[in-house]
Amino acid sequence: MKGMNALVKNTPDQINLESFPPLLKMDEVSQILRVDRKYAYELARRTGFPVMNIGTDKRPMLRVPKNGLINWIEQEYGVKLTA
Numbered sequence: 000m001k002g003m004n005a006l007v008k009n010t011p012d013q014i015n016l017e018s019f020p021p022l023l024k025m026d027e028v029s030q031i032l033r034v035d036r037k038y039a040y041e042l043a044r045r046t047g048f049p050v051m052n053i054g055t056d057k058r059p060m061l062r063v064p065k066n067g068l069i070n071w072i073e074q075e076y077g078v079k080l081t082a
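Residue numbers for the sequence shown follow numbering that gives the first Met the number 0, so the first one is 0 and each next one is one higher.
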């Protein structure tokens with residue numbers, strides 16, 4: 000995500016989105032959004048949040064596409080992020 004560098008600088012207190020994989024675990028989502036893990040799971044239950052379950056009903060494994068998260072931020076909060 001070349002355009003993300005303008006928003007997210009590679010400093011100790013900021014996150015470089017390029018270092019994250021294309022499919023994010025919920026812990027990674029919480030790091031990117033700077034929220035606690037519990038709130039990341041609350042977001043995952045919201046309609047429109049780009050989450051997918053690649054596990055089973057008994058053992059869910061939630062993943063969030065990085066591009067989907069970027070698009071969600073743009074739509075939900077009006078912050079324009081370019082790829």
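Where is the CB? At the ideal position from N, CA and C, for every residue including glycine.
Problem - Element boundaries [alpha helix (DSSP H), containing V28] - result: M25 to L32
Handout entry: Helix, strand or coil at L68 [DSSP, three-state]
Key = helix
Problem - Run of the alpha helix (DSSP H) containing R36, from where it starts to where it stops - result: R36 to A43
Handout entry: Nonlocal neighbours in the same chain, by C-beta distance under 7 Å from N52, ignoring five residues either side
Key = P59, M60 and L61
Practice task
Ignore the nearest five residues each way along the sequence and tell me which others in I31's own chain have a CB closer than 8 Å to its CB.
Solution key: I14, L16, F19, L23 and L68
Handout entry: With 16 other Cβ atoms within 10 Å as the buried cut-off, status of Q74
Key = exposed
Practice task
Enumerate in chain order the residues of its own chain whose CB-to-CB distance from P49 is below 8 Å, with the five nearest sequence positions on each side excluded.
Solution key: V63, P64, G67, L68, N70 and W71
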